[in-house]
Each structure stands twice: as structure tokens, then as C-alpha cells.
Amino acid sequence: MTILVTNDDGISSEGLWALARELTRVAPVAIVAPDKEKSSIGTAVTLRWPIRVDRVESAIAKVDAYSVTGTPSDCIILASTMLKGKIDMVVSGINHGANLGDDVLISGTVAAAMQGYLRGFHSLAVSVEGLDNHRVDSAAKLAALLSQWVGDNCGSDKVFLNVNVPNLPLAEIKGINITRLSSGTHIDIAREENDGEPRYYRLVRHRTDKVSDDRTDVWAIEQGIISITPLHTSLLRRPTPMIPVSLCSSLFQDLHNNHHPA
Ligand code: MN
């Protein structure tokens, strides 16, 4: 079993190397990560430009490391080809900053894990909350323990887990909850910044009010509890919406007859 480690904070990230080091206790590890920070890039892949892969000096014995001029999802796709048949699990992180609720849709950390999951690997995304001074050691140890458990127990039933760890000393972490995604965890707004012309905007984030639903990931983190959220890709397998089949032919006819909406 080989564990593929990636992230969206880039190959130089402290969290990436702390994670890879701990995972060597579980299985052989390979690192394939973006050469630069790609946070908030979501599921983006690079189709219109060539991607360069460079072997980088590894700080961990027997761990090969590569930097990629692409996105976290690119890293998984490339590694699946480069290490064909060798990967059994993808662990993405340790991200510097939480990935909670709806934010999993823009997170490069979670997207890399999803890309792994879609390719048939057990996949974990692991993040530590907070804006700076992230404590990555406990999160890395937890990731190793969880990876071991998944490898031993989940077999062909692939899992996709989003793990968030409070940025606290281990002694102050209150427990581990299995959670579901909160909704509306952040509100993104465009703020005009006015220092002359041309005017420009910056997208900024505001946290919503305290969450009261104790089943959610946000609630857990607010309480100092580690959150493990099982994810799946049902977004891609929605039930067919109730649109009558006859609509298609009438739309097509209107199109041909150059009808406009009334
Ligand atoms: Mn990041």
C-alpha cells in the first residue's frame, strides 16, 4: 500500500511534510503537490497548458516528492498515471485553515481528496482551523491513525472523509465527533476598495453567526472537538428533476420557429 500525499498550500507547506512524516508509520508515502499555494481553487484542472513535474529534495527518507505546476486535482491525476497501480489511499493536507460546511466546494484540499475518491481510492482531507500559527502535529498524528483504521477496515468500500482539527494543544481538544456539513458557514461578499482608479473589488469572507446544530462540523470545531465528516459525491448523481419530457420537443420547436418568450 502506498499513500499519496498532496495539498493545496504548496510543496513547501509545513502541514504537508508533517502529514507525510506521520503517514510513513502506516505505509510507504509519495508526495505530489502543487509548486505554489493553490488554496480556494476547488476542483480546477489544467487542460489548456502543459504541466511541469519536478522531483524535489525530500526531507523524509524513502519518500519521493514531486512539485507540479498545476492544481491539487492535477496532482492526483498525474500521480495516478506516474504511480499507476501503486496508490491505495490519498491524504490531502494538513491544510492551514479549516474546510467546513459549504466551503468544501471551493477547497483545493477537499477537491484533491475528491479526485482521489472518484478514482477509486480511500481519500481523506485534513485541515487545522485558524488563521495562523497552526498546530499541525496532532492533526498529522490523527491522520495517520485514521488512515490506518481506514486501510484495515474499509476494504473496497471506499471512503471520502473531511477532517477538521481545532487549533489547540492536544490536552485542550475535547473529543472527536462524526459530523455532517454545516450550511452557509461563510458569506463571501465583494468589497469595493477605493484607492483611486480603476476601482477594484476584493472578495472577503464573513463568518455567519454561531451554529447551534450540534451534529455539524462547524459546531464541533467551535466546541474544540475534532470533526470527521463522511462525504460522498451525490452532487454528481442527483435524481432527475421533474421536467416533463414533452418540454424538450416544444422548446426545440419554438427554437426552430424563432419564438421568443412571451
Ligand atoms: Mn490551503
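In the numbering used here, the protein residues as written are 40 to 301.
Backbone N, C-alpha and C fix where the C-beta goes; we use that ideal spot for every residue, glycine too.
Chain-order list of residues whose beta-carbon lies under 7 angstroms from that of residue i (same chain, five-residue window excluded)
i      : result
Ile260 : Ala137, Leu139, Glu168, Asn203, Pro205, Ser266
Val175 : Glu53, Gly54, Ala57, Ile133, Val167
His173 : Gly54, His135, Val167, Asn206
Val95  : Ile50, Ala104, Tyr105, Ser106
Residue i and residue j closer than 7 angstroms at C-beta
i      : j      : result
Ser131 : Thr41  : no
Thr110 : Ile133 : no
Asp227 : Leu242 : yes
Ile282 : Gly214 : no
Gly155 : Ser162 : yes
Ala152 : Val129 : yes
Trp56  : Ala98  : yes
Leu62  : Val71  : no
Arg158 : Ser119 : yes
Ser112 : Ala150 : yes
Ser78  : Gly147 : yes
Ala229 : Tyr239 : no
Leu270 : Asn192 : no
For residue i, three-class secondary structure by DSSP
i      : result
Ala137 : coil
Leu170 : coil
Met40  : coil
Met281 : coil
Val129 : strand
Ala301 : coil
Ser289 : helix
Gly147 : helix
Ser12  : The structure shown does not extend to residue 12, since the chain is modelled only from 40 through 301, so no value can be given for it.
Arg64  : coil
Ile50  : coil
Val250 : coil
Ala83  : coil
Leu209 : helix
Ser222 : coil
Ser106 : strand
Ser273 : helix
Ser162 : strand
Residue i beta carbon near the ligand MN (any heavy atom closer than 6 angstroms)
i      : result
Ser78  : yes
Asp74  : no
Asp47  : yes
Asn172 : no
Asn134 : yes
N-terminal and C-terminal residue of the beta strand (DSSP E) that residue i is part of
i      : result
Asp93  : 92 to 95
Asn201 : 199 to 204
Thr120 : From DSSP, Thr120 is part of no beta strand (DSSP E) but of the alpha helix (DSSP H) over 111 to 121.
Ala98  : First-last for Ala98: undefined, no H or E at that position.
Ser266 : 264 to 269
Asp227 : 225 to 232
Val243 : 239 to 246
Test: residue i CB closer than 7 angstroms to a CB of chain C
i      : result
Glu168 : This model lacks chain C altogether, as it is built from one protein chain only.
Residues of its chain near residue i, where Cβ-Cβ distance is below 8 angstroms and the 5 sequence neighbours each way are ignored
i      : result
Asp252 : Ser221, Trp258
His225 : Gly140, Asp141, Asp142, Arg244, His245, Arg246, Thr247
Met121 : Val71, Val92, Tyr105
Gly190 : Met40, Val65, Ala66, Asp127, Met128, His161
Thr218 : Arg254, Thr255, Asp256, Trp258, Ala259, Ser266, Ile267, Thr268
Lys249 : Glu261
Near the ligand FAD: residue i beta-carbon under 6 angstroms from a heavy atom
i      : result
Leu144 : Only the ligand MN can be found as ligands here, which leaves the ligand FAD out of the picture.
Cβ-based neighbour list, residue i, same chain, cut-off 6 angstroms, excluding 5 preceding and 5 following
i      : result
Arg60  : Ile99
Ser52  : Asn46
Lys75  : Gly49
Ile177 : Rather than Ile, the amino acid found at residue 177 in this sequence is Ser. Closer than 6 angstroms at the Cβ level, and outside the excluded window around Ser177, lie Leu209.
Extent of the continuous alpha helix (DSSP H) run through residue i
i      : result
Ile217 : That residue, Ile217, is in no alpha helix (DSSP H); its beta strand (DSSP E) goes 214 to 217.
Asp196 : Run containing Asp196: none; DSSP gives neither H nor E here.
Ala12  : Outside the displayed span of the chain (40 to 301) sits residue 12, for which this structure offers no information.
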